[in-house]
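Accompanying notes for the structure given below.
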Amino acid sequence: MPVLLELLLLFAEIGATTFGGGYAMLPILQRELVEKRHWTTEEQLMDYYAIGQCTPGIIAVNTATFIGNTKAGMIGGIVATLGVVSPSVVIITIISIFLQNFADLSVVKHAFNGIRAAVCVLIMDSVIKLGKKSIRDLWGWIIFLCVLLASLLSGISPVLLVVLSGVAGIVLKPVADRSAAKAADDAAKSGTEPEASGTLDGEKEDRT
């Protein structure tokens, strides 16, 4: 199947089956792009979402555009964008024509209560899986906890949190690398010195 057609069909399917906003698309993207097609890694998928969060517009559309562009250039980005938005446009248009008060129907409200609960579980599952791959050291956990507290306890913009986290990574990662290198050097020195002294003692015993 041509890549452009595959992008169109994939994101049309995602757009038609995603309920609850852009973050609800994350577990579907993880399954389709990482596990099934191996188009990207979990770390890269998190990067795409971060970029989609920082840029103006809807995160689901931004992420689809970026993934399509990465896979098949500018045309791929356009095709992925059309694929992800077309089902919503068609469905909402049909609903608005035939059911003016669709959102007020009790059966619809009850259905979406169940859908939201399922979406929360799927998002949490993806967050746990991606977090295991993305947070690898102490500094990563520190940034994670700081962003979590700031998000829960303040009204700071998510875009600002992402930008500040990027700055923190730029500042803290070299420090973490130097600390790890120093610890490795110290461990190597402490491991070689006793062997050297043991060899000298053995030579003395042989001479005697």
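Residue numbers (this note's numbering): 17 to 224.
In this text, a Cβ means the ideal position worked out from N, Cα and C, and glycines have one as well.
Exercise for the section: Throw me the rounded Cβ distance for the V178 and A66 pair, which I believe falls under 8 Å. Expected result: 5 Å
Exercise for the section: Could you spell out the range, first to last residue, of the alpha helix (DSSP H) harbouring A166? Expected result: 154 to 169
Problem - Local Cβ density within 10 Å of G93, reported as buried at 16 or more and exposed below that - result: buried
Practice task
To the nearest angstrom, report how far apart D153 and R194 are at their CA atoms.
Solution key: 13 Å
Exercise for the section: Can you grab the Cα-Cα spacing for the pair C136 / S170, in whole Å? Expected result: 22 Å
Problem - Span separating the alpha-carbon of E209 from that of V191 - result: Here the model assigns E209 a pLDDT of 48, short of 50, so the residue's position is not dependable and the matter cannot be decided.
Exercise for the section: Give me the Cα-Cα distance between A88 and V123, rounded to the nearest whole angstrom. Expected result: 42 Å
Practice task
Taking all protein chains shown into account, decide if F27 is buried (16 or more other Cβ within 10 angstroms of its Cβ) or exposed.
Solution key: buried
Handout entry: Backbone secondary structure at T56 - three-state DSSP
Key = coil
Exercise for the section: Scan the stretch 98 to 158 and note each continuous alpha helix (DSSP H) run of 4 residues or more that stays entirely inside, going in chain order. Expected result: 122 to 150
Exercise for the section: Report the residue from W155, D202, D201, E58 whose alpha carbon sits nearest the alpha carbon of V183. Expected result: W155
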